[in-house]
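For the sequence shown, my numbering assigns the number 117 to the initial residue and increments by one for each residue that follows. Ideal Cβ placement from N, Cα and C applies to all residues, glycine included. Contents: one structure, followed by commentary.
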Amino acid sequence: KRFYNGSKLIAMTNKSLTVQQPDGNIQEHPLEYESSGLMLWMVHKGPDGMIYGSSALPLRMFRYDPDTDETVNLGNPSTTDGEIYSMTNYDGKLYIASYSGAIISVYDPKQPWNFGLESNHNPRQIGEIGYGQNRPTGMITAANNMIYIASVPTYGETSGALTELNPITNEMTVWRGIVDDQSVYVLDNVQGTRMICAATTNEVGTGADIPVQDARVFLWDIDNKSDQNIKI
Numbered sequence: 117k118r119f120y121n122g123s124k125l126i127a128m129t130n131k132s133l134t135v136q137q138p139d140g141n142i143q144e145h146p147l148e149y150e151s152s153g154l155m156l157w158m159v160h161k162g163p164d165g166m167i168y169g170s171s172a173l174p175l176r177m178f179r180y181d182p183d184t185d186e187t188v189n190l191g192n193p194s195t196t197d198g199e200i201y202s203m204t205n206y207d208g209k210l211y212i213a214s215y216s217g218a219i220i221s222v223y224d225p226k227q228p229w230n231f232g233l234e235s236n237h238n239p240r241q242i243g244e245i246g247y248g249q250n251r252p253t254g255m256i257t258a259a260n261n262m263i264y265i266a267s268v269p270t271y272g273e274t275s276g277a278l279t280e281l282n283p284i285t286n287e288m289t290v291w292r293g294i295v296d297d298q299s300v301y302v303l304d305n306v307q308g309t310r311m312i313c314a315a316t317t318n319e320v321g322t323g324a325d326i327p328v329q330d331a332r333v334f335l336w337d338i339d340n341k342s343d344q345n346i347k348i
């Protein structure tokens, strides 16, 4: 964000703004205020039995202990500042998908909070889904120990995606446009099978025309990983 006088906002953290002046001077501006609180966007039961959730605009991740009734503001697990759309658990860790940019992060609740982009950070930002995706609306861990993410595209575009994240290598495989001009929105495992059940929406990127009206439900074979094996 650049201001009219040429200064630039370079960081925004809990109750603090960092501004770079036109001459390069860096200034910290603490923000002391009280408010009625932020809107809560989503909640999820983490691998440690705690309840994790997200505020919206700005994004703050919190942890709630149902035994002690204690709530902790953990901070932002990403470089974006919208909201967390979805979470899932794998191997004692919490995987987090945030808007905007469909950014994926991983957090180990057993370790201290130290956000960053490197392997020693916690939470660590893995990266963006890419392929024009923006809102990661659904996230599950499947029977093959892969993580699957449903998403809506970015502004002005149609066709969301289904993404497979390998939690060991952090590699992502993206299938966009599985159902033409629709977004994959909700995911769930089909118990006793190697299938994911997915539901779509006609929601498109903000500003785009809605080309279809009827949503779809399809099955995804997690072993074959091909749209030829989708049944609508």
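message: Please report the distance separating the alpha-carbon of S275 from that of R251.
response: 12 Å
Just checking, does the segment 191 to 208 make contact with the segment 240 to 260 on the three C-beta pairs under 8 Å criterion? yes
query = Grouping DSSP H, G and I as helix and E and B as strand, with all else coil, what is H160?
reply = strand
Quiz item: Taking E186 as the reference, which of T270, F178 and P193 has the closest Cα?
Solution: F178
Point to revise | For A315, the three-state DSSP class (helix, strand or coil) | key: strand
Once the 5 residues before and after E244 are set aside, which same chain residues still bring their CB inside 8 Å of it? G217, A218, I219 and I220
Worksheet item: If you count every other CB in all the chains shown that lies within 10 Å of the CB of V188, and 16 or more means buried, which is it?
Response: exposed
What would DSSP say about E280, mapped onto helix, strand or coil?
strand
Pick from W336, T322 and N318: whose alpha carbon is nearest that of W291? W336
Quiz item: Rounded to a whole number of angstroms, what is the C-alpha to C-alpha distance between Y223 and P239?
Solution: 4 Å
Tell me the DSSP secondary structure of W229 in three-state form. coil
When DSSP labels each residue in this structure, what does D304 get in the three-state scheme?
strand
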